[in-house]
Each structure stands twice: as C-alpha cells, then as structure tokens.
Amino acid sequence: MKKNTTLAIAVGLAGAALAPTASFAQSATVQQIMDRGTMLCSGHNGSYFGFVEVNDKNEWKGLDIDLCRAMTTAILGDPDKAQIVPLSWAQRFPALQSGDVDIIIKATGWTMGRDTELGLQFSLPYFFGGTQFMVHGDLGISDSSGLEGGTVCVEAGTTIERISANYLQTAGVEHTMVSYESAAELRAAYLANRCDAFAGWGPSLAVLRATELDNPDAHVILNDQLSSEPIAAAMRQGDEGFVDMANWTIAALLIAEEEGVTSANVEEMAATPPNPKVARLLGVEPGMGERLGIRDTWAREMIAAVGNFGEIYDRNLGSESPYNLERGLNNLWSHGGVLYAPILD
Amino acid sequence: MAHTQKLSPNRFHAYMASFSKRAFGTPSAAVLSIVIFGALGYWTWLAVDWAIFRAVWSAENVAHCTEEAGACWSVIDARHRLILFGLYPYEEHWRSTFACLSIIATVIISCFPATWTAKRLTSLWVAGFAAYYLLMEGSLLGLAQVTTDGWGGLSLTLFLFASVVLLGMPMGLGLALMRRSEMPVVRSFAVIVIDTIRSLPLLTTLFTAAVVVPILLPSWLEGDKIWRVIIAFSLFFGCYQAEVFRGGFQAIPKGQFEAGKALGIGYWKIMARIILPQVFRHALPSTINMVVVTFKETAIVIIIGFFDVLASAKAAFGTGEWAPHYMEVYVFVGAIYWTFIFSLGQYGEYLKGRMALSTH
Amino acid sequence: MTTTEVLRKKSRQRKITIQVLLVIISIIAIWGAVSSAQVNLAALGITNGFGFLDRSTGWDYSFSLVERSINDPYSKTLVIGFQNTIFVGFISIFFATIFGFIIGTGRDSSHPGVKAAATVFVQTFRNIPLILQGVFLYSVLIHFPGPRQSMSFADSVFLSNRGLMLPGLNVSPSVAVALILAIASVAVLLVWRKVPLLRGLIIWIAAAISMSVIVAFVMRPEGEPLLSIPSLKGLRFNGGITVSIELVAMITAITLYGSAYIAEVVRGGLKQVPRGLIEAGQAVGLTQGQIWHRIKMPMSLRSIIPPLGNQWIFIMKATTIGIAIGFSDMFYIVSNSITQSGQTLELIFLLMAAFLTVNFSISIFTNWLNNRLKLKAH
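Protein chains in written order, with the numbering used here: chain U, 189 to 533; chain G, 16 to 375; chain B, 4 to 381.
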C-alpha cells in the first residue's frame with residue numbers, strides 16, 4: 189500500500205509542477221484509506237432492505253453497500269477492501285465524527301442542521317425519496333387525518349422522525365409517537381400492531397410491503413407525501429478532496445449509465461471508445477484520475493466491479509431484485525428522472 | 016464436606032419424613048403444597064409440551080409450524096450460525112467454533128483448585144485469550160485475516176467477556192492497592208474513580224467510550240471502537256473488583272503486614288508473597304460472582320452498535336419468514352445465557368459454602 | 004541521623020514524589036483532553052456551549068408525565084427524560100423491594116413448596132441478562148391483542164398491546180403528582196418516627212386511601228365522578244390512566260430482575276439471625292408471622308439495608324435499557340439529542356451529572372435509613 193501512496197504523491201507533485209493552475213485534490217481521508225488498505229463504510233444493525241442488508245451467507249449487500257464498494261474500488265482498486273461497520277441510525281454521525289467510519293452511505297438525507305451544526309458535508313444526491321406513512325389496511329383510512337388518536341412508529345435519530353412529527357402537528361392530528369433504535373425493532377412493533385402507522389421512507393416502505401409482509405394487500409401506503417428528501421453520502425467537514433472523490437464516484441456511475449457503459453461491455457468500450465467522453469471516463473485519455481490524486485483507470489475498474497448506476501439500482505431495488513421498484517424520480521434526467529451528473533470535461 | 020456425602024437410605028427416609036412433615040404437617044401447609052406443586056407441575060408440563068412434544072425441529076419442516084401450536088425450532092436450525100457467529104465469513108466458521116471453545120475451556124479449567132495460583136491462572140487466561148484471538152483474527156498460519164468488524168454473535172460476546180476479565184483484573188487490583196495506600200492523593204484518586212464509575216450506569220460508561228472519547232483524544236490515540244469499549248468495560252469491572260479485593264484485604268490481620276515490614280521485607284515483596292495470595296483466596300467467591308455479572312452485562316453492548324449474541328438473535332428473526340418465531344430465538348439465547356450464568360453461579364455458591372466450612 | 008531516620012526520610016520523599024506525579028499526570032490528561040476536544044470540534048465545525056438547550060427539538064418520543072410537544076426546547080426535553088428515569092426507577096424500586104422481601108422470606112421458609120417456588124423465581128430472573136428479559140417481555144407484550152380486542156377486567160381495566168388502561172382519580176396530573184409526593188412523605192415520616200413495620204404499613208395504607216379520596220372529592224371537575232374509567236374511542240382509550248406498553252415492559256422487567264436480587268439480599272439477612280433467638284420465640288409461643296416481624300426482620304434489617312441500597316442504585320441504573328424498547332428515559336433522550344443536535348460533550352456531561360446526583364442521593368438516604376433502623380441498644 190505504501191508504494192501506491194508514494195506513487196500517488198509523486199504523480200501529484202509531478203502534475204503540480206507541470207500544470208501550476210490545476211488544483212489537486214489531496215485528500216487526507218483518501219490518504220488514510222490508502223495507508224490503511226481498507227475503506228470503512230457504514231452498515232446497519234440488522235437489515236434495511238434494498239439499501240443495507242445482510243444475506244444468509246452473512247454478507248452485506250444493497251444499493252448503499254454497492255456505492256461503498258464502488259468508491260472503494262475507485263480508491264483502492266478492489267471492491268472487497270470495503271469494510272462495513274454495523275451502526276444504528278442514531279450512531280452513524282457520532283461514528284463518523286469519531287473516525288470509526290470514513291463515510292456514511294446509508295439512506296441519509298441532506299439537511300441544513302446536519303450540514304452546519306453536525307459538521308458534515310454531503311455529496312451529490314444519489315437518490316430521491318419522500319417520507320410516507322404505511323398503515324394496517326383494516327383501519328380503513330386513506331390519509332393521515334384518519335390517524336387521529338393513533339400511534340405512529342418511527343426510527344430514532346432520523347429525519348423521518350422530525351418530518352413526521354412536524355407534519356402531524358401542522359395537520360393537527362393528535363397522536364402518540366414511539367421511536368426505535370433499529371429497523372428490525374420498528375418492523376416487529378408495526379407487525380405486532382403496536383403501531384397504527386409506520387412512518388418511513390417511501391422506497392423502503394414499498395420494499396417492506398412488497399416482500400417482507402405476508403400479505404401486501406393488508407397494508408396501505410397513505411397518500412400524504414411528507415417530503416422529498418435528497419439522499420447523499422455524508423462526510424466529515426474539512427476534507428474537500430474526499431467530497432470530490434465521493435461526488436465523482438457517483439458522477440462516473442451516472443455518466444456510465446448515460447453513455448451505455450456497463451460492467452459487461454466496459455473492457456470493449458475501453459478498447460474502442462465511441463466518443464471522447466467515454467475515453468476520458470475509462471481512463472483511455474488521461475485526466476480522470478490525476479485530478480483526484482488517484483489512478484486514471486479508476487472508473488473503468490469500478491464499473492467492471494459493480495456496474496453503472498442503473499445496474500446497481502436494478503440489482504438491489506429494481507427489476508433484478510425481489511422488490512421490483514420503479515425507477516421513477518431516480519432515473520436519469522434523460523429518462524424522466526431527476527438524477528444528473530456534473531459535466532466531465 | 017457435607018455436600019459430597021451421598022444420602023444413605025436411612026438419611027433419605029429421614030429427609031422424606033421431614034419433607035412430608037413440613038409440606039403436609041398441617042392442613043394449611045398441605046393446601047399450600049398442593050397449590051404450589053400443582054402450579055409448578057402444570058407450568059413445567061406446558062413448557063415441556065410446547066418446547067418438545069409439539070415442537071417442529073428442522074428447517075425443512077417449517078411449513079408445519081403454522082399448524083402445530085408448539086415451538087418452531089426450525090428458526091434455530093436455519094439461523095443458528097448467524098446467532099452463534101454473527102457476520103463471520105461463512106467458510107471460516109470452524110475457526111469461530113474453536114475460538115469459542117477455547118474461552119469456554121479456559122473458564123472451566125479455572126474452576127479446578129489446582130489452577131489457583133496467580134501464575135497459573137494468569138497464564139491460563141492469557142493462553143486461552145491468545146488462542147481465541149489467533150483463531151478469530153487469523154493472518155497467521157495461513158488463516159485469512161478477519162478483522163474485529165466481522166466478529167459477531169456468541170463469539171463476540173465471549174471475546175468481550177474474556178478480554179474484560181483479563182484486563183479488568185489487574186485494574187481492580189491496582190485500584191484496590193491505591194485505595195489502601197497511605198498517600199492521601201493516591202487514595203482519593205482511587206476513591207473518586209471507583210465511586211464515580213460505580214454510580215454511573217455501565218451503558219453510560221460504554222457509550223462515552225464509544226462516542227465521546229474520540230473527541231477527547233488526539234486521533235493517533237483513538238484506536239478501534241471495540242478496544243475503547245473493552246477498556247471502558249474493564250474499568251467498570253476493575254472498579255467493582257477493587258471493592259471485592261478490598262473486602263479480601265480487610266479479612267487479613269494488619270499485623271501480618273507490619274510483621275513483614277519489621278523483618279525488613281519491601282512493600283511489593285510482602286504484597287506478592289504474603290498478603291495477595293490470602294486476599295485472592297478470601298475474594299474468590301465474590302470474584303466468581305463478579306465474573307458472572309460481567310458475562311451477563313456484556314449483553315448491553317447491543318445498544319452501542321455491536322453485533323453480539325443478542326443483536327444477532329434479533330437479526331435471526333428479523334426477516335419476514337422468521338418474524339413470527341421471535342419467542343423461540345429469545346428462548347434459545349436465554350438458555351445459553353442461563354446455562355452459563357447459573358452453573359458458574361452455583362459453583363460460586365458451592366465454593367463459598369466450602370470455604371465457610373474450612374475457616375470455622 | 005540514624006539509618007532508620009534516613010530511610011524514613013527517603014520513603015517520605017518518595018511518597019511526595021509519587022503524589023505530585025499523579026497530580027501532574029491528571030492535570031496533563033485533563034488539559035490534553037480539553038485541548039484536543041477543542042481542536043477536534045473546531046475541525047468538525049461544531050459549536051460548543053449550552054446554547055442549544057434553548058433550541059426546539061422538533062422530534063417526539065413515547066412517554067412523559069407532563070404535556071410535551073415537538074416545539075419544546077432541549078432543556079425541557081432533557082428534564083422530561085430525567086423525570087421519566089426517576090419515575091420508572093422509583094416505581095420499580097418500590098415494587099421490587101416489596102416482592103423482594105416476600106420472595107426472600109419465601110426462600111427462607113421451612114415449607115418446601117414455598118421454598119421451591121421462590122427458588123425457581125430467583126434462579127430464573129437472576130440468571131438472564133436484564134436487557135434480554137426486557138426485549139423478550141416487550142416482544143411478548145406487543146403481540147397482545149390490539150386496543151379494539153383488548154382484554155378487559157370488570158370493564159374498567161384494559162390490557163392491550165398499546166398499554167394498560169387503569170381507572171384513575173379524576174384530577175389533573177399536577178394534583179396527582181402532589182398527592183403521590185404527600186403519600187411518599189407519610190412513609191418517610193413513619194420510618195423517621197420508628198413506627199413498627201406492620202403497624203406502620205397499616206397506618207400508611209389507610210392514610211394513602213383516605214388522602215386520595217379526599218383529594219379526588221375536592222379537586223375533581225364540577226359534577227364528574229370520583230374515578231375516571233377508560234373507554235375505547237376511535238384508535239385509543241379515553242379517560243383513566245394510560246400506562247404505555249413500553250412503560251409496562253420496563254417496570255415489569257426491572258421489577259422481576261430487581262426483586263430476584265433483593266430476595267437474595269433478604270435471604271442473606273434472615274440467615275444471619277441466630278437460631279437461638281428464633282427457638283426462643285417458638286418457645287414462648289409466638290406464631291411464624293410474629294417471629295418474622297418481631298424477631299427476624301428487626302434483627303436482619305441492619306445487614307439488609309446496606310446491600311439493599313446498592314440494589315436500589317442498581318435499579319436506578321437499569322432504567323437505561325429503555326432505549327432498547329423505545330421508552331424515553333434519560334439515556335434515550337440524551338442519545339437521541341446527540342444524534343439530532345451533535346452536542347455530544349455537553350449532553351454526556353448532563354447525563355453523568357444526573358446519574359451521579361440521583362445515585363449519591365440514594366446512598367445518603369440508605370445511610371440515613373440504616374442509622375434510623377439501628378437497634379436502640381447499639
């Protein structure tokens with residue numbers, strides 16, 4: 189690992205000498221990750237289906253895990269160097285601040301409070317989803333006014349907790365709120381009918397309803413859209429280089445999808461790039477890695493390892509997953525969604 | 016040594032006679048006996064019927080679980096590896112198994128009086144711990160490396176337990192000696208530390224180590240979260256154990272120390288050769304109690320985000336398929352804890368009784 | 004100077020050096036912690052200080068004794084958390100002590116059935132981690148029928164997976180709190196006046212009932228009955244007292260665990276009563292009950308009180324399991340406040356200060372109790 193580091197520094201220094209106007213992202217966190225040889229990402233204390241889950245073989249998978257593996261490949265060249273640290277919702281920010289993880293990629297919404305008071309900074313949003321309520325069908329209600337006098341359950345320490353409390357107060361719906369430390373506990377409480385409503389994040393409610401409940405028709409997701417949250421990776425303040433790294437990991441995954449580069453055809457594309465943008469993305473033309481202080485071929489290795497954004501989505505949430513969620517807002521802008529990448533120049 | 020004597024037929028008859036007199040001697044005693052033994056018997060029957068006679072045992076037969084009203088042990092059959100080993104790599108589970116066995120063996124061997132010298136106990140525990148660590152961590156002897164983030168389930172619980180006892184014991188001894196010191200500053204330092212830690216909930220101490228300490232330390236001193244928590248847990252153990260040792264010290268006549276001093280023997284030599292062996296002997300039953308309490312208290316680490324046996328138990332029924340069988344999983348994990356804690360606790364009681372006999 | 008004087012002087016010097024070193028090391032450690040906290044917090048862009056206490060929290064939680072809202076400032080929310088911890092702690096201490104004395108006496112009984120039942124109880128609840136018992140019990144309770152199918156007893160007490168609904172006095176919460184405090188102070192007064200246990204208990208129960216009836220009669224709203232009975236309305240019960248299921252789980256789990264420990268303390272105390280005294284009691288024709296309350300209890304209380312105080316402190320600390328089952332105790336509130344506000348150091352400081360205050364108060368109280376209950380002859 190040491191060799192790589194020295195190499196990266198050498199490349200950086202050489203670059204600086206040659207092109208004094210270019211600013212180099214010399215990130216302390218990237219440096220640490222290279223020295224350590226592993227990247228520490230946030231997991232969950234249990235499964236958060238579709239995003240962070242543990243399978244029967246005790247391995248981590250999910251959209252957020254794949255993004256972590258993508259970024260690990262970008263920095264270290266090997267997705268298996270990603271190390272997933274199990275964390276509860278409430279623990280994720282303290283764990284980030286204390287350095288127990290390098291980054292939080294865990295269905296985390298970008299809020300002003302987190303951005304300022306908590307001393308975090310966020311990457312490009314990679315997902316959009318809003319808070320909604322799911323209720324037991326036998327209550328026979330279709331919007332939140334029917335929750336009058338009921339119990340609403342939510343996960344502790346999340347934005348959902350604040351959004352739903354605020355929404356119900358504004359709507360003047362009197363209720364009791366119970367919050368739990370883990371998704372498993374919340375799910376168990378809802379299924380046991382401890383709660384009338386499950387306040388959650390739309391996509392994960394849909395996943396839960398579609399697969400985890402015995403009878404999906406016995407549960408209704410209410411029409412109220414409480415919010416639309418931009419979901420982004422969170423990092424410690426004060427390391428802009430690392431934010432660049434996260435941003436361009438996400439951007440490269442989106443650009444690859446836009447340009448039709450997949451894990452299957454990436455080598456082929458690299459051999460005969462259809463256009464200069466792809467050539468640059470895949471490191472056939474220099475510039476991609478140098479400006480981040482890493483290898484030029486990082487995006488090619490990353491796509492070969494985990495695929496482009498569309499592949500990651502389909503594998504974990506979409507058509508190839510048991511959840512079969514529509515892409516909706518989370519499609520590329522060119523396909524009616526709101527995801528777009530900054531310009532690769 | 017009344018405990019080891021077998022009941023001879025005569026004694027048995029005498030016991031039975033006394034038993035029936037106490038249980039059925041008066042009408043009210045008889046009614047009470049019938050009600051209590053009836054209720055206990057009925058509940059035992061219900062439990063056995065649920066857990067054994069009407070239970071479904073294998074994962075393949077999970078479909079029967081809905082018809083049968085008994086326990087559905089299929090969930091244990093299917094998920095026991097998750098409960099025991101957490102997220103440890105599937106192919107390497109044999110390492111986890113042997114690692115757990117080495118800790119359990121260490122505990123069992125330490126129950127034999129033959130090991131009760133400071134040197135033997137220390138080397139036994141260090142060896143057991145080292146065996147555990149080498150097996151789990153790997154990266155030596157051709158074993159693939161698995162870092163502590165991948166440890167979980169019962170093996171993580173045992174790891175926390177063993178490292179806390181191993182690190183906490185010297186801390187406890189140190190604090191106890193400091194508390195007995197003639198130097199006022201040293202003494203009050205120990206008193207403050209001991210009283211503060213003992214007044215705080217363990218969870219607060221561990222939470223502080225996990226979340227707050229990194230803010231108070233420069234980054235090069237932080238270390239892994241698991242080690243911070245283990246050190247804080249050991250400090251908790253040490254503060255309670257210091258009080259146990261203090262009780263042991265009080266049982267020793269002060270004259271012994273003064274006699275040693277009069278003979279010109281140095282402080283550390285008197286301690287190591289004369290005082291401490293006696294202190295250990297006096298403190299043994301309470302120490303075993305403390306060890307038992309420590310094992311029980313490790314369950315709290317689930318709250319600060321460790322994947323211990325309780326957390327992995329929750330994960331085991333955390334899927335839609337197994338969610339209805341939470342009861343079986345909790346009973347399984349409860350039985351593991353109960354067996355370990357009950358047997359060690361009974362052993363401590365036996366030892367206490369034996370020592371009470373030998374000193375009188 | 005003789006050699007002994009030289010040696011003594013040397014040893015004194017060494018002692019001073021060690022103490023000075025310890026002080027210096029402590030100061031350096033504290034200073035290092037403070038300065039690196041400043042560096043670390045500045046790097047993270049976290050503002051420190053207690054200013055955040057005035058900000059509103061924006062989140063809700065499961066239980067409070069007083070009216071709460073998401074607009075409450077952190078200061079009020081933390082006070083509520085503290086109240087909840089004290090509340091659960093005291094109720095659990097109260098029940099655990101009563102059951103502990105009953106079961107401990109049972110363990111000491113000569114009747115084999117009583118002894119067996121008490122032993123089974125103690126060995127079951129003492130040998131399983133409290134948090135496991137708590138989450139297990141909570142899982143069982145939330146699988147009880149919902150409010151519409153709740154189990155009812157005499158149509159006035161209802162148990163469902165939402166909680167236990169009890170008939171309550173028709174008074175406002177603040178009056179109820181004042182009443183509880185008054186009843187508690189009667190107990191303290193009785194102990195202070197050294198009223199014998201059994202008589203004191205009777206006086207206390209009589210006083211509690213009559214005070215409650217009078218207060219309810221005077222303070223109830225115009226034209227409403229003395230008791231407010233819960234009744235199902237929509238998704239929940241109206242009227243009466245609602246004890247949320249989280250609170251039921253907390254109190255039950257802590258009480259069972261705590262009473263198993265207290266039972267052992269009581270048994271240990273009863274064992275220390277000399278056999279001769281008991282036989283003497285039997286000889287003068289005292290009944291079992293009289294022997295218990297005139298000989299065994301007074302004799303053993305002296306050795307019971309100090310470990311009992313430790314058990315009370317233990318129960319107070321045990322309330323931190325609330326976070327595992329969604330009960331908003333002090334630890335839960337602090338932990339959630341840390342996530343939502345990021346003010347880690349300040350909040351941990353408040354948490355520790357709260358527990359140190361309560362637990363030191365309990366030990367002062369036990370010392371006082373111990374002095375009060377000492378036999379006059381000593």
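Backbone N, C-alpha and C define an ideal beta-carbon position, used for all residues, glycine too.
When secondary structure is reduced to three states using DSSP, U/Lys-249 falls in the strand class. Counting every other CB atom within 10 Å of its CB across the protein chains shown gives G/Lys-36 a total below 16, marking it as exposed.
Using beta-carbon distances, G/Pro-216 counts as an interface residue toward chain B, with a partner under 8 angstroms.
In this model, G/Arg-243 and G/Ile-212 are separated by some 16 angstroms (Cα to Cα). U/Arg-479 is bridged by DSSP to nothing; it lacks a bridge partner. In the DSSP assignment, G/Trp-60 falls within the unbroken alpha helix (DSSP H) covering 42 to 63.
With its beta carbon at least 8 angstroms from every one in chain G, U/Asn-496 lies outside the interface. Scanning chain U for C-beta atoms nearer than 7 angstroms to the C-beta of B/Thr-342 yields Ala-278, Phe-281, Gly-345, reported in chain order. Ranked by how close their Cα comes to the Cα of G/Met-184, the residues G/Glu-197, G/Arg-69, G/Trp-140 have G/Trp-140 in first place. Looking at U/Ser-276, U/Ile-263, U/Leu-414, the one whose alpha-carbon comes closest to that of U/Ser-352 is U/Leu-414.
The segment 214 to 232 of chain U and the segment 428 to 435 of chain U touch, with no fewer than 3 CB-CB distances between them shorter than 8 angstroms. With respect to the 8 angstroms criterion, U/Trp-298 and U/Pro-418 are classified as neighbours on the basis of their beta carbons.
Sequence-distant Cβ neighbours of B/Ile-244 in its own chain, meaning closer than 6 angstroms and more than five residues away, are Leu-169, Gly-171. The beta carbons of U/Leu-308 and U/Ala-385 sit no closer together than 8 angstroms. Interface flag for G/Arg-26 against chain B is unset, since no Cβ pair is found closer than 8 angstroms.
Counting only runs of 3 or more residues that sit fully inside the segment 240 to 326 of chain U, the beta strand (DSSP E) segments are 270 to 273, 308 to 317, 319 to 324, in chain order. Between the segment 28 to 44 of chain B and the segment 58 to 69 of chain B, the count of C-beta pairs closer than 8 angstroms stays below three; the two stretches do not touch. G/Tyr-105 has a beta carbon lying at 8 angstroms or more from every beta carbon in chain B. When the Cα atoms are used, G/Thr-354 and G/Thr-59 turn out to be separated by approximately 18 angstroms. In chain order, Leu-102, Ala-330 make up the part of chain G whose C-beta sits under 7 angstroms from the C-beta of U/Val-242. Shown in chain order are the members of the segment 307 to 333 of chain U whose Cβ falls below 7 angstroms from a Cβ of chain B: Gly-307.
At a beta-carbon threshold of 9 angstroms, the residues of chain G lying near U/Leu-275 are Gly-320, ordered along the chain.
Between B/Ser-142 and G/Tyr-282, the C-beta gap is not smaller than 8 angstroms, which leaves the two residues out of contact. A straight line joining the alpha-carbon of B/Ser-29 with that of G/Gly-263 spans about 29 angstroms.
With respect to the C-alpha of U/Val-289, the residue from U/Gly-301, U/Ile-221, U/Lys-249 having the closest C-alpha is U/Ile-221.
Of all residues in the segment 106 to 132 of chain G, none has a C-beta nearer than 7 angstroms to a C-beta of chain U. Beta-bridge pairing by DSSP links B/Pro-76 to B/Ser-59. Check the Cα spacing between U/Arg-280 and each of U/Ala-422, U/Met-433, U/Leu-513: the tightest is with U/Ala-422. Boundaries of the alpha helix (DSSP H) harbouring U/Tyr-501: 497 to 504, taken from the DSSP string. From the listed residues U/Glu-456, U/Asn-243, U/Asn-504, U/Leu-275, the smallest Cα separation to U/Val-395 is found for U/Asn-504.
Counting only runs of 4+ residues, the alpha helix (DSSP H) found wholly inside the segment 313 to 377 of chain B occupies 333 to 344, 347 to 376, in chain order. DSSP places U/Arg-424 in the uninterrupted beta strand (DSSP E) bounded by 417 to 424. Between G/Tyr-345 and chain U, the shortest Cβ-Cβ separation is not below 8 angstroms.
Between G/Thr-130 and G/Leu-136, the alpha-carbon positions lie close to 6 angstroms from each other.
By the Cβ neighbour-count rule, B/Pro-277 is exposed, with fewer than 16 other Cβ atoms within 10 Å of its own. U/Ala-529 counts as buried, since no fewer than 16 other beta carbons sit within 10 angstroms of its beta carbon.
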